[in-house]
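Residue numbers (the UniProt record's numbering): 1 to 260.
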Amino acid sequence: MDLGIRGKRGLVCAASKGLGRGCAEALAEAGVDLVINARGAEALERTAREIAEKHGVSVTPIAADITTQDGRAAVLEALGGQADILVTNAGGPPPGTWTDWSREDFIKAIDANMLTAVALMQALVPGMMERGWGRVVNITSQSVRTPIAILGLSNTARAGLTGFVAGMSRQVAPHGVVVNNLLPGIHATDRADSLDAGVAKSEGIGIDEARRRREATIPTRSYGRPEDFGATCAFLCSQQARFIVGQNVLLDGGASNITI
Ligand code: NAP
1 MDLGIRGKRG
11 LVCAASKGLG
21 RGCAEALAEA
31 GVDLVINARG
41 AEALERTARE
51 IAEKHGVSVT
61 PIAADITTQD
71 GRAAVLEALG
81 GQADILVTNA
91 GGPPPGTWTD
101 WSREDFIKAI
111 DANMLTAVAL
121 MQALVPGMME
131 RGWGRVVNIT
141 SQSVRTPIAI
151 LGLSNTARAG
161 LTGFVAGMSR
171 QVAPHGVVVN
181 NLLPGIHATD
191 RADSLDAGVA
201 KSEGIGIDEA
211 RRRREATIPT
221 RSYGRPEDFG
231 ATCAFLCSQQ
241 ARFIVGQNVL
251 LDGGASNITI
């Protein structure tokens, strides 16, 4: 299927690895020129080179912490202040228990997983509205629909972003800008490996056993793949997605047993 976005310009945050990389790959395959971001320059530059060579698009790597104002400024400068497509993403907060977290922990999580996405939308969506076309995908989590107790910081911050998007997506839709959230369940990335390691430690089992137990909670009996996640993201950025507005699209292999 031709997604109709060849030649568009996009920003994919936190994209040297994992789900962000999956999104960058799929958008590049659809012909989108990209700015991609992560903190570590080496992996980011390698990823940018690989994607550009494979798909024949321009991929500019900007090594910066996207959760800081300076990091966002560097990324926005590389875009000349405008983009047609924005994919927001950042690392997830650490697991723990509800008594663990201080005010500073909450502020850090809210900065990373709510206010960073809000700031990037506030910077880039006005230009999309002026030009009459734009797509935004925020990578959030299945925890928005089915909160995960040990990920309380993530539950809290992402719920805030979800509420923000519910309102603003309807305000910008009349101007041709489509904003949605993409909710990963467990995907095979470094983040999943570190959560597996946490389960292994807390339950006194090996990592393979921890993974097997977590896979058993998913009806597909396997973790999701970043490339499939990326393909869904690219579809939400397509011309054909113009009527999908303000949705929370769950990609979890059926793990969340909910009907709406
Ligand atoms: P990942 O494999 O650990 O990859 C994270 C990527 O983000 C890396 O490229 C990393 O590069 C970059 N990054 C992290 N913090 C950053 C920051 N402050 N500024 C810029 N780049 C940053 O993670 P993932 O599995 O793709 O997860 C992506 C998001 O989805 C996370 O918020 C995670 O909580 C959420 N999620 C994941 C799953 C899952 O099963 N994988 C499930 C639910 C939700 P650097 O370290 O070099 O910056």
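Beta carbons are placed, not taken as given, at the ideal position from N, Cα and C, and that holds for glycine. Bear in mind that the values here come from a model prediction, so they are computed numbers and not experimental data.
Open item on the list: Is Cys13 near the ligand NAP - that is, is its Cβ less than 7 Å away from at least one heavy atom of it?
Closed with: Yes; taking the cut-off as 7 Å, the Cβ of Cys13 has a heavy atom of the ligand NAP nearer than that.
- [ ] Could you tell me whether the region 188-207 touches the region 230-243, where touching means 3 or more Cβ pairs closer than 8 Å?
- [x] With fewer than three CB-CB distances shorter than 8 Å, the region 188-207 does not count as touching the region 230-243.
Open item on the list: Which residue wins for smallest C-alpha separation from Asn180, given the options Arg135, Asp228 and Ser141?
Closed with: Closest option to Asn180, Cα to Cα, is Arg135.
Task: N-terminal and C-terminal residue of the alpha helix (DSSP H) that Asp190 is part of - done: Going by DSSP, Asp190 is part of the alpha helix (DSSP H) stretching over Asp190 to Glu203.
Open item on the list: Could you check if Lys17 belongs to the surroundings of the ligand NAP, using beta carbon to heavy atom distance under 7 Å?
Closed with: The nearest non-hydrogen atom of the ligand NAP is less than 7 Å from the C-beta of Lys17.
Task: Distance between Ala159 and Ala192 (C-alpha atoms, nearest Å) - done: Rounded to whole angstroms, Ala192 to Ala159 spans 21 Å at the Cα level.
TODO: Sort Gly91, Ala216, Pro226 and Gly246 by Cα distance to Gly254 and report the nearest one.
DONE: Comparing Cα positions, the closest option is Ala216.
Open item on the list: For Pro94 and Asn113, which I take to be in contact (beta-carbon distance under 8 Å), what is that distance rounded to the nearest angstrom?
Closed with: Going by Cβ atoms, the distance from Pro94 to Asn113 rounds to 12 Å, so no, they are not a contact pair.
Task: Nearest-angstrom beta carbon gap, Val178 and Met129 [assumed within contact, 8 Å] - done: Not quite, the Cβ-Cβ distance comes to about 11 Å (not below 8 Å), so this is no contact.
- [ ] Starting from the Cα of Thr88, find the closest Cα among Val118, Asp70 and Ile244 and give me that residue.
- [x] The residue with the shortest Cα to Cα distance from Thr88 is Val118.
TODO: For Gly224, collect the residues of the same chain with a Cβ closer than 8 Å to its Cβ; drop the 5 residues on either side in sequence, then sort them by chain order.
DONE: Pro184, Gly185, Ile186, His187, Ala188, Leu251, Asp252 and Gly253, listed in sequence order.
TODO: Please name the residue in Val57, Ala74 and Ala24 whose C-alpha comes closest to that of Ala64.
DONE: For Ala64, the nearest C-alpha among the options comes from Ala74.
Task: Helix, strand or coil at Pro94 [DSSP, three-state] - done: Note: Pro94 maps to coil in three-state DSSP.
Open item on the list: Taking only three categories from DSSP, how would you classify Ile36?
Closed with: Ile36: strand per DSSP, three-state reduction.
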